[in-house]
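One structure is given below, encoded as structure tokens.
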Amino acid sequence: MPHRFKRRSGPTARALVASAAVVFTAAATAACGARAGEEAAAAESCLDTSGDTIKVGALNSLSGTMAISETTVRDSIYLAVEEINAAGGVLDKEIEIVAEDGASEPVVFAEKAEKLIREDCVAAVFGGWTSASRKAMLPVFEDNDSLLYYPVQYEGLEASENIFYTGATTNQQIIPALDYLAETGVESLYLVGSDYVFPRTANAIINAYAEAHGIEVLGEDYVTLGSTEFSTIVQQVNAAGADAVFNTLNGDSNVAFFREYTNVGLTPEDMPVMSVSIAEEEVGGIGIENIEGQLAAWNYYQTVESETNTAFVDAFKAEYGSERVTSDPMEAAYNSVHLWAATVEAAESFAVDDVQEAAGGIAFDGPEGTVVIDGDNNHVSKTARIGEISADGLLYTVWESEGPIEPDPFLDGYDWAADLKVTD
Amino acid sequence: MSKFLQSRLGAWTGFAAAAIGLFAVAPLIMSGFRLGLFAQFICYAIVAVGIGLAWGRGGMLTLGQGVYFGMGAYLMAMHLKMADAEFRNGPGAVPDFMELAGVRELPAYWVPFASPAFTVAAILVLPTAVAVLLGLAVFKRRVKGAYFAILSQALAGAFAIFLIGQQTLGGFNGLSYFRYFFGFAINDPVNQQMLYFIAAGVLLAVVAVSLQLRRSRYGELLVAVRDSEERVRFLGYDSANIKVVAYAVAALFASVAGALFVPVVGIISPASIGIVPSIMFILGVAIGGRGTLLGPVIGALAVAWAQTTLSEQFPSAWTYAQGLLFVVVIALLPGGISSIPALARRIRVKNRPEPVEATA
Amino acid sequence: MNDIALTCKNIEVDFEGFKAVGGVDLELRRGEVHFLIGPNGAGKTTLVDAVTGLVGYTGSVLKDGEELRGKKVHHIARKGIGRTFQTATVFENLTVAQNLDIAAGSGRGPWSLLRRRRALPAAVTDTMERIGLADHADTLAGILAHGQKQWLEIGMLLVGDADVLLLDEPIAGMGHDERETTGRLLHDIAAERAVAVVEHDMDFMRANASRVTVLHGGTILAAGSVDEVSADPKVQEVYLGTSDHKEAADAAAA
Amino acid sequence: MDLIVGQLFTGLSTGSILLLAALGLSLTFGQMGVINMAHGEFIMAGCYTAYVVQQAVGDAGVSLLIALPLGFAVGGAMGLVLETLLIRHLYHRPLDTLLVTFGVGLILQQVARDVFGAPAVNVTVPEFLRGGVDLLGTTVPKTRLFIMALAVVAVAAVTLVLRLTPAGRRIRAVVGNRDLAETAGISSRTVDAGTFFIGSGLAGVAGVALTLIGSTSPTTGQSYLVDAFLVVVAGGLGRIKGAVVAAVALGTLQAVFETYSTASLAKVGVFIVIVVFLQLRPQGLFTLRTRSLA
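Residue numbers (my numbering), protein chains in the order written: chain A, 1393 to 1816; chain B, 11 to 370; chain C, 19 to 272; chain D, 7 to 300.
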């Protein structure tokens, strides 16, 4: 397409002016929405409760880096839904799952959450894993006044009316782990974590706890998420010679960390590692020989001895294969579906307001023991357990809290944590 | 058809049709949710227009547009967080996420972003200035081709990692939970539609700027640099300057797109601007036709739409599709879908040699 | 007007210990077509690269008394030094007129660059006439015939007001008629400019050279008129010693 | 003192890992001027080769010895297929090659995910490589010593092949001047395929070695790729010498930065150093000077 010369004029400059004019006109005519301080027109829920079924969303990463973990959560969500449907559904309606892929990207989580609420008109959404995905979804659920059930332990300091947190907050995982270490005579700690919000918050809590309890923190190191280069850090850990290591690494970094740890000759006997992100699923990839005897802090292990857990593990293996294992987030997700169903039954309504109203005090007898929703902060009470990784790849409880611990996401009940508290 | 689009009437008609489509038809046929999604796609399309200029016309394969996209987005997000905090707790208040991270004092570099005017100026100036400096640094030293591509990619990686380490920028979680956009409540559907209109208007403006640059003498010069940089230098031009302009304009477009992305989507985090998102910006441009004006726009919209729709049903298949698209389109159809009509014409009139649009 | 446009003194180019050009002196005069000949690897193209700023060198290059060494490529070009390449290098995706317009415009300011061209500059239309491509103004350079590309490249130098032209094998691949046209073009443009031609074709050299410099192994073997050079025994020896028999025969017969 | 020795060692160790990942890239980039973004996935293929062999053989030591040559063969074969089917046909479009191979990398990652599952798999470290050796006051893991030794062997092997074998001489001739080599009767096509085989094979070997210290998952290769590219860019086109120096320098730089700041700032620091370095030496540490313009 040869260009012609001697054209009289180019229209583009004027097109530019014209399009700018269009924008301003459009903006001017459209800009009659709510301004700061005014109440925005609330989005109407399109939830339809007239049929025989009720839709819920399952929003987990099925692709990308987080798919490893989140597909397991999805499996237990499906299991719980099947169980409820087999028992007659919720308010006599069959639960229908609308599944979406969060693709391990916060932006996609926000987008899919909005789709589930506004297009699929689901009654509640189950899922999310990373804090980033939860933070991305939070405004979506608040703006559209809908419900998210989030099943993973997290860094606390959050309480939204529209989110039910069925994983542990810090006082149900980090603090019991520290209590356990202090009990066993640990006087110095080395902190190793991935560089994101959970390890940073956890370590802030650990530092405050350590100061109040006479424990010395000898070092605090962060690596980029996914980093597999631990030569420098393990050398520093080795040189520091702490009584124990508190590990908040995430994902593949654990593999490289524990290999390096073992290879420089460190053992659980002379320097145990307390991990808060390693569950049954992760042990295989790290290699038993590198991690046997190390500690973990969770609320649930596959080996928890109770009838409900035996039933849960059996049902899960029957559904997904005997080689599969169950882990804490899977159990919390399983609980979350049952908690939602129980709340709906109690409220006798699927409406968000009614569910929020009825949630406080709702209990479910889950695999980890009884969990109860705390109506003040939408978290649940949970039993803390320290587990030791054994040669068969499973974790066995070596210590557990005396009954369920009440959730305290803002650590109001801990004086030494006063400086950590949000000021408002 | 291309002749018609070249003409003055054609350009006017094209713009009018696009304006009607974007401003009148789309809001009628799409739900509020879909319109918001479309606004998000438009942000990607704005980035694509810039890449079309730098890569399609200028031959600079910028695998790091996420950097400028991210700059614009973070600058805007900082203002929105400041405005929210000010609205809740008065001037100088610390944004909510910093309170959670234990930051009690507002970091000094946040302070100016309380001003909307400063923020808008920063969105326009800062990424452009960075692009100019970086462009001068690499192009003056005649770093080009694959070297430039790798460097720009490494830059995106380094920038994302840098942001993850910055707790006062939200770290890995990024910045989210915005309530007001220059005083308007973001959760109000009317205002959401306004955001869409702004995005659509910016897209039109960006395409118009790109059109003007392509048709100007500068546009011809840029193609000349792409095809034979040495020849241009031996004609007395400093080719580095020519490249820097296109690179900086692409950076500016990306920055503006990022700034719009934040209120539209409601979150910006390092996950949206690293190496992989940056290279994914390229995919749409390649599919649409890198050398053409509208190809990148159409390609970017199509890819974003396909990603959303296909990944809903087949998450694993979508990754295969993405990979295959890269391979098939770039290897076999380097001109993208825009070149299909020309190809078809060439096959029809096989005897007569037909000039083909450049695809270096 | 036999004045000296370009003076090269003691040019040396060193590639990591390999001396591609070792101490060459050269003067190019306006009004002359000056041929640089020599076997492969003699340093002809490297000498052109050095003068135009592409490779570093020691020595001195003066254009009308002004030192060019150390200047950047595009600054040297703006001083009026133009060059072509062994394979014709034109902007294949632009039209003939666009090619020339770009070549004419290295001094344009940003404002005129960012606007569309309203009309073709007179220099461009004149040059199209001169290089015989007036009928091809809107033809993409990429589909021109081989010879036409070479002419276009020369035209780009003319329109850019170069007054020292360094042409690297301008007739490579041309047919007989095209060579003759090129020869006439060279003399036409040399009327007010200095033209240097790197060439292997001995017939073309004999027909068109005002002056000849023979390079060998990076140094000057002989210089002078066509007849003087042809008679030089050193030149004959070098050309007979090369593997290229045609060149050798040509040189010997010259 | 311990710290300095430790850092020096970490630098050498990180450097040798970078070198293993970058050596093959340097060869293919240098020879053909194409950037193979799927190189990381060839590394990953090496990792999974080690895994599969270990599943089949059982004994970790024996399986490592089998996996090293097998990893070379697997990586090499994948490279050969890629070269023959795609890269060869994109010869004059280096940037397009980059994007096409990125697409291939995406597909290979997903294949690994579908075949082996997304979670990381465990490759057991053989008994004789477990634990550490005390060296000048610091404990040095045997696995890292092994990888250093492997890097030295790989560099030596590549250098010897290039210097002493006829095939190597042909490769060097094509790298030096492609056109001249062709006029001298060397089929650059065969040589390209050969280079790609060797370069990709080295990626496979790197993958097998990396299972000793890192995790094996579908995204394993990706994490090494950008660093490996920076090594090649900083080291100079196709110069083995340059790759060695650049890898060790970058490894040390990273280790030093990491000790005195955070890991994330270390990455940014390394990038800035490279951009500044390219200001001083735009063609990398070592260059092949040619007078041709192209």
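Even glycine gets a Cβ: it sits at the ideal position worked out from N, Cα and C.
Proximity to D:ILE72 across D:ALA118, D:LEU170, D:VAL211 peaks at D:VAL211, based on C-alpha coordinates. Within the segment 217–241 of chain D, the residues whose Cβ lies closer than 7 angstroms to some Cβ of chain A are ILE219, GLY220, SER221, SER223, THR225, SER229, listed in chain order. By the Cβ-count criterion, D:VAL181 is buried, with 16 or more other Cβ atoms from all chains shown falling within 10 Å of its own Cβ.
Annotation for D:PHE122: the continuous alpha helix (DSSP H) segment containing it runs 100–122.
Counting the other CB atoms within 10 Å of its CB gives C:ASP153 a total below 16, which places it among the exposed residues. Residues of chain A with a Cβ closer than 7 angstroms to the Cβ of D:GLY12 are, in chain order, GLN1627. The beta carbon of B:GLY246 falls within 8 angstroms of a beta carbon belonging to chain C, placing the residue at that interface. For B:VAL148, the nearest beta carbon of chain C is not closer than 8 angstroms to its own beta carbon. Under the three-pair Cβ rule at 8 angstroms, the segment 1713–1732 of chain A counts as touching the segment 1549–1560 of chain A. Taking a cut-off of 8 angstroms on C-beta distances, the segment 258–270 of chain B does not touch the segment 328–339 of chain B, as fewer than three cross pairs fall below it.
Residue contact check for D:THR55 against chain A: no CB pair falls below 8 angstroms.
When beta bridges are read from the DSSP output, A:ILE1765 appears opposite A:VAL1772.
If you ignore the 5 residues before and after B:LYS253, its C-beta comes within less than 7 angstroms of the C-beta of GLY68, MET70, GLY145, PHE149, VAL235, all in its own chain and listed in chain order.
Taking all protein chains shown into account, D:ASP185 has fewer than 16 neighbouring C-beta atoms within 10 Å of its C-beta and is therefore exposed. Its Cα nearest to that of A:ILE1509, the residue A:ASN1554 stands out among A:VAL1544, A:GLY1758, A:ILE1781, A:ASN1554. Contact annotation: the segment 46–63 of chain C does not touch the segment 105–113 of chain C, with fewer than three C-beta pairs closer than 8 angstroms. DSSP places D:PHE235 inside the alpha helix (DSSP H), whose first and last residues are 226–241.
The beta carbon of D:GLY82 lies closer than 6 angstroms to those of PHE203, SER206, GLY207 in the same chain, with the five residues before and after it left out.
Chain D has a Cβ within less than 8 angstroms of the Cβ of B:PRO344. Within chain B, no C-beta atom comes less than 9 angstroms from the C-beta of A:GLY1713; the nearest is roughly 19 angstroms away. Around the C-beta of B:TRP315, fewer than 16 other C-beta atoms lie within 10 Å, and the residue is accordingly described as exposed. In this structure, A:ALA1594 lies away from A:ILE1625, with their beta-carbon atoms at least 8 angstroms apart.
Chain B places a beta carbon closer than 8 angstroms to that of D:ILE41, counting this residue as a contact. Just so you know, the alpha carbons of A:PHE1802 and D:VAL121 end up roughly 44 angstroms apart.
Here C:LYS252 is exposed, its C-beta having fewer than 16 other C-beta atoms within 10 Å. In the DSSP assignment, A:TRP1690 forms a beta bridge with A:ARG1777. Out of A:THR1464, A:SER1586, A:ALA1743, the CA that lies nearest to the CA of A:ASN1646 is found in A:SER1586. Inside the segment 19–93 of chain B, DSSP marks whole alpha helix (DSSP H) runs of 4 or more residues at positions 36–39, 42–61, from first to last along the chain.
B:LYS154 is the residue among B:VAL140, B:LYS154, B:GLN317, B:MET81 whose C-alpha sits nearest the C-alpha of B:TRP65.
Around the beta carbon of A:GLU1575, fewer than 16 other beta carbons sit within 10 angstroms, so the residue counts as exposed. Nearest CB-CB separation between A:ALA1810 and chain B: not below the 8 angstroms threshold. Taking CB atoms only, A:GLU1621 has a neighbour in chain D less than 8 angstroms away. Contact check for B:VAL59 against B:VAL216 passes: the beta carbons are separated by less than 8 angstroms. In summary, the residues of the segment 64–94 of chain C whose CB is separated from some CB of chain B by less than 7 angstroms are THR70, VAL91, HIS92, in the order they occur in the chain.
Cβ atoms of D:ALA157 and D:SER22 come within 8 angstroms of each other, at about 4 angstroms. Of the residues B:GLY175, B:LEU304, B:ILE174, the one whose Cα lies closest to the Cα of B:GLY24 is B:LEU304.
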